[in-house]
Amino acid sequence: MTAPKGTQPALELRGVTKRFGRVTALEEVSLTVSRGEILAIVGDNGAGKSTLIKAISGVHRPDEGEILVEGEPVTLASPADARSAGIATVFQDLALVECLDVSTNMFLGQFPRRGWFVDRKKMDLESRRFLDELKVTVADVHTQIGMLSGGQRQIISIARAVRAGATTILLDEPTAALGVRETMHAGNIIATLREANNAVICVSHDIEFVFKIADRIVVMRLGKVAGIRTVAETTRDEIIALITGTKQEAA
Ligand SMILES: Nc1ncnc2c1ncn2[C@@H]1O[C@H](COP(=O)(O)OP(=O)(O)OP(=O)(O)O)[C@@H](O)[C@H]1O
Ligand SMILES: [Mg+2]
15 MTAPKGTQPA LELRGVTKRF GRVTALEEVS LTVSRGEILA IVGDNGAGKS
65 TLIKAISGVH RPDEGEILVE GEPVTLASPA DARSAGIATV FQDLALVECL
115 DVSTNMFLGQ FPRRGWFVDR KKMDLESRRF LDELKVTVAD VHTQIGMLSG
165 GQRQIISIAR AVRAGATTIL LDEPTAALGV RETMHAGNII ATLREANNAV
215 ICVSHDIEFV FKIADRIVVM RLGKVAGIRT VAETTRDEII ALITGTKQEA
265 A
């Protein structure tokens, strides 16, 4: 019997393996993330975090294993497949058009129309509403993207993903290029996504940030899941020991 919709994890990976020639970037990775949950992915350089994000966002096809969305197995052969499964990926600076303004970027590829014309007014109003919902401080939706800071751009990318109907949001190192204030702001936006009942997966090197925002932490090491912990029941020392391999999971 299938469980009623909403009680299944938003996303589940079962035994996902990805090889690049002789390198096994992901080995038998299994994890779940639910709606209303922030799952952090941590691990050393080369641990497989970005490959994991790319497998979920349809950039890389796993060699083995299954990906399930709301309990249903899916094939994510392209980023378009992932988008239509409600999965959006946000990379810093990526996928925004610098010379266009905020509201045009929010609607890129999906302009509202009135007759033959793009409904500029509707686009601006809806952009404003979305940014307000996410508590984003952009004074004017006519500001060119090129004029915004890295953090602001990233927030626009998140807002765009949510506007386009994404319910599972993947972030790869969202705070890597951000200052202290912008990092706090990014944390607030991610918390807002959780409040709106989205599932969030966030790769980060920043352990302090992870402990502030996440509900659970997946530690990757050499392509494998080294451990999964609930933030409320672990410590920074334990997570660091799992990252470096000085703590081994009991088999
Ligand atoms: N396109 C690719 N072709 C070949 N090897 C790759 C490719 N992408 C990743 N790898 C290899 O897979 C492994 C995992 O890389 P990945 O980028 O997922 O690590 P990461 O955890 O994101 O590291 P970082 O913290 O440095 O971003 C590494 O050994 C890397 O060299
Ligand atoms: Mg990476």
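Under our numbering, residue 265 is the last one in the sequence shown; the count climbs by one each step, no gaps. Don't be surprised by glycine CBs; every beta carbon is placed ideally from N, CA and C.
Straight-line Cα distance separating residue j from residue i
| i | j | result |
| --- | --- | --- |
| residue 142 | residue 154 | 8 Å |
| residue 36 | residue 211 | 40 Å |
| residue 201 | residue 226 | 8 Å |
| residue 255 | residue 261 | 5 Å |
| residue 252 | residue 44 | 20 Å |
Where residue i sits in the DSSP three-state scheme
| i | result |
| --- | --- |
| residue 138 | helix |
| residue 77 | coil |
| residue 48 | coil |
| residue 27 | strand |
| residue 118 | helix |
| residue 158 | strand |
| residue 150 | coil |
| residue 261 | coil |
| residue 256 | helix |
| residue 240 | strand |
| residue 125 | coil |
C-beta atoms of residue i and residue j nearer than 7 Å
| i | j | result |
| --- | --- | --- |
| residue 53 | residue 230 | yes |
| residue 180 | residue 228 | no |
| residue 68 | residue 234 | no |
| residue 173 | residue 24 | no |
| residue 189 | residue 144 | no |
| residue 203 | residue 169 | yes |
| residue 41 | residue 237 | yes |
| residue 83 | residue 99 | yes |
| residue 187 | residue 165 | no |
| residue 30 | residue 85 | no |
DSSP beta-bridge partners of residue i
| i | result |
| --- | --- |
| residue 54 | 216, 231 |
| residue 87 | 82 |
| residue 245 | Note: residue 245 sits in no beta bridge, so no partner. |
| residue 101 | 182 |
| residue 40 | 32 |
Where the alpha helix (DSSP H) containing residue i begins and where it ends
| i | result |
| --- | --- |
| residue 211 | Note, residue 211: premise wrong, no alpha helix (DSSP H); not H, not E. |
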